[in-house]
Each structure stands twice: as C-alpha cells, then as structure tokens.
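Read the structure below first, then the notes.
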Amino acid sequence: MNIKQLEVLVAIAESGSFSKGAEATCITQSTASQHIAALELSAGVKLLDRTGRGAVPTEAGKTLLISAKQVLAALRNTEQAMRRFRRGEHVELRVAGSSIPGTYLLPEVVVALRKQAPGITVCAEIRDSNEALLLLKEESVELAIVGIVPDDRFFESEVVGSDTMRLVVKQGHHWGEQRRIALAELKSEFLVAREQGSGTGRAVAALLRSAGVSEKELKIGAVFSSSEAVKQAVLAGCGPAFLSEFAVAGELANGELAAVDVDNIDLKRSFSLVWRRGRSLSPAAEMFRAALREKMQERR
Numbered sequence: 001m002n003i004k005q006l007e008v009l010v011a012i013a014e015s016g017s018f019s020k021g022a023e024a025t026c027i028t029q030s031t032a033s034q035h036i037a038a039l040e041l042s043a044g045v046k047l048l049d050r051t052g053r054g055a056v057p058t059e060a061g062k063t064l065l066i067s068a069k070q071v072l073a074a075l076r077n078t079e080q081a082m083r084r085f086r087r088g089e090h091v092e093l094r095v096a097g098s099s100i101p102g103t104y105l106l107p108e109v110v111v112a113l114r115k116q117a118p119g120i121t122v123c124a125e126i127r128d129s130n131e132a133l134l135l136l137k138e139e140s141v142e143l144a145i146v147g148i149v150p151d152d153r154f155f156e157s158e159v160v161g162s163d164t165m166r167l168v169v170k171q172g173h174h175w176g177e178q179r180r181i182a183l184a185e186l187k188s189e190f191l192v193a194r195e196q197g198s199g200t201g202r203a204v205a206a207l208l209r210s211a212g213v214s215e216k217e218l219k220i221g222a223v224f225s226s227s228e229a230v231k232q233a234v235l236a237g238c239g240p241a242f243l244s245e246f247a248v249a250g251e252l253a254n255g256e257l258a259a260v261d262v263d264n265i266d267l268k269r270s271f272s273l274v275w276r277r278g279r280s281l282s283p284a285a286e287m288f289r290a291a292l293r294e295k296m297q298e299r300r
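With full-length UniProt numbering, the residue at position 137 of the sequence shown is 137, and numbering never jumps.
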C-alpha cells in the first residue's frame, strides 16, 4: 500500500471512472487498474466494483477512502509546510545571544531579516556566553552569537565581527582626566567586573593575561551578571570597569563616562556565530546568518 495507490483509488472513486481517475493522476488506464489490483491485494478485500454506473466503492472501499483522503490531505499539508519552511514563512528560529551581541546586535539583525523574510519569528534567549553555548549544545536553540571562542569538539563557528573593550570611569575620576594609564596602575584601584562565565569577563581576562597581568593581581570590588549592571555601578561611583564599546557608546557621547586607554593592551575581541557541529542549518538560520554578515559589514 503506497501513496500513489491511495491517490488513484480516491481519483477513481470521486470520478466514478477508471479512465477519468487515470487521467486525473496522469497515468494510463491500465496502470490505474494495476494500482487498484495491488491495493486490493494488500488490503485483502475488493475495493471497487465495476458496474453499469461506473466504478463504485465497496463497503471496504468506502472505509479505506476515508483514511486515504486523510493521508493525502496530511501529505499535502506536509508538502505545504516544507515549502513554507524553505521560504522562511511561518517559521520560528530560536537563537541565543550573549549579553553584548544579544543586546546590541541581535535587534538590528532581526530588523534586517524581517525585511527579507517577514514570516520568520526570531525567539532570542539572552544569557552569558557559557549559558548561550549550553543552550546550543542541548539543541534548545539553533544558533548562538557569543564573544568567546567556542569549543570546536561540539561546535562550528564563524567570526562575524569585532568589539572593542573600553576601560571606563565615572566623569570626574582622576583616570578620566589622565585619559591614559600605565598597566601597573590597574592594580591600584578597586574594579567592577562581569562574572566569569560571561564573554566580556573572559575576554578581559584573556587580554590582561596577554599583557602579563593575572586576575589575581587585580582588586575586584564588585561582580555583576550583566553589562548594564556593571555600567550602572561605574556611574554610581563603584569603580572603573572594562566594558564593551557597544554598551557605553551613549554614556561616552554624553559625557557621563570617560574612556581610559591602557598602555600595552589591545582591547579588541571577536564575535562568533556558532552552531552545532555536524548539523545542517535550516533555511531560516541561513537567512539569519546572511543578515548578520550584512549588518556587520555595514558597521565596518
């Protein structure tokens, strides 16, 4: 019993004719007869009677017709769903973003994607980088945008952009007046930091290590789980902090915060788009990837 046999059965029953049923299903009448014979053999009962009024379903045929129509309708619905899926219509794309790219890049990408494929609904989870990658590993999301280099045992990734970390202080802080400090001066003040699982926190630690400074040498006065909280702590006078330029652009522009350069440190990091190793991306995910590339290209 197969789809074509069911299709032929329905076409003959609805038209009342083997010849018309064959024409409707684009086959010859003899082929239609072969399909019905094979279907009757599979079912173990007679399904159609040839009468003076044409082809008429038997009681068994009527019973099978009900199921056959349901199967064919389900198949049509499935085919339509796959067409919509390929075109990005009525599709939900689940994405995880770490704090900075999730907050400051993802909304712009969603807007760009909506112009190309308005049928895609992006459902975003904003977490720290470790949690975002865990969601991806568990396949709760299809893509993640993070500010760290992912473990290539589980993930494939593509660098999609860069970020500059800035050491920022509240307006009036003496470092702000200097505008530049020596690396050793970092050890003299209590700093505000992100938690260890965050991309920002890990990026800062890696940048400092590359300059010969370990986290243990720094005085950390407070640790917060979001960049916004760190920024508010700096504004409140809690101490200087390293933050993404994305997170402090407004406050630097209006003078609430001042940026301080640090000798011998290149405060740049990369953003990566990440997906599960060995998984094919859905059409919606590929469209998102293209929109992200385009948006990051505009920023250069």
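Note that CB positions come from ideal geometry on N, CA and C, so glycine has one too.
Judged by their CB atoms, Ala-60 and Gly-16 are not nearer to each other than the 8 Å cut-off.
In this model, Val-192 and Leu-113 are separated by some 36 Å (Cα to Cα). Remark: fewer than three beta-carbon pairs, one from each stretch, lie closer than 8 Å, so the stretch 238 to 255 and the stretch 119 to 128 are not flagged as touching.
Between Met-1 and Leu-39 the beta-carbon gap is near 6 Å, inside 8 Å, which marks them as a contact.
Burial check for Ile-66: the Cβ neighbour count within 10 Å stays below 16, so the residue is exposed. Shown here, Gly-97 sits in a strand according to DSSP, grouped into three states. If you check the CB distance, Asp-263 and Arg-180 come in under 8 Å.
In the structure shown, Glu-14 adopts helical secondary structure according to DSSP, grouped into three states.
Residue ranges of uninterrupted alpha helix (DSSP H) with 4 or more members, entirely inside the stretch 205 to 265 and ordered along the chain, are 227 to 235, 245 to 254.
Under the DSSP definition of a beta bridge, Trp-175 lacks any partner. Around the beta-carbon of Phe-155, 16 or more other beta-carbon atoms lie within 10 Å, marking it buried.
Counting C-beta pairs closer than 8 Å gives fewer than three between the stretch 141 to 155 and the stretch 215 to 229, which falls short of the contact rule.
CA-CA distance, Ser-42 to Gln-29, rounds to 20 Å. In the assembly as shown, Lys-187 is an exposed residue. Its beta-carbon has fewer than 16 other beta-carbons within 10 Å. In the DSSP secondary-structure assignment, Gly-161 is bridged to Phe-271. Taking 8 Å as the cut-off, the Cβ atoms of Ile-3 and Leu-75 count as close.
Beta-bridge partners assigned by DSSP to Ile-145: Gly-97, Leu-273.
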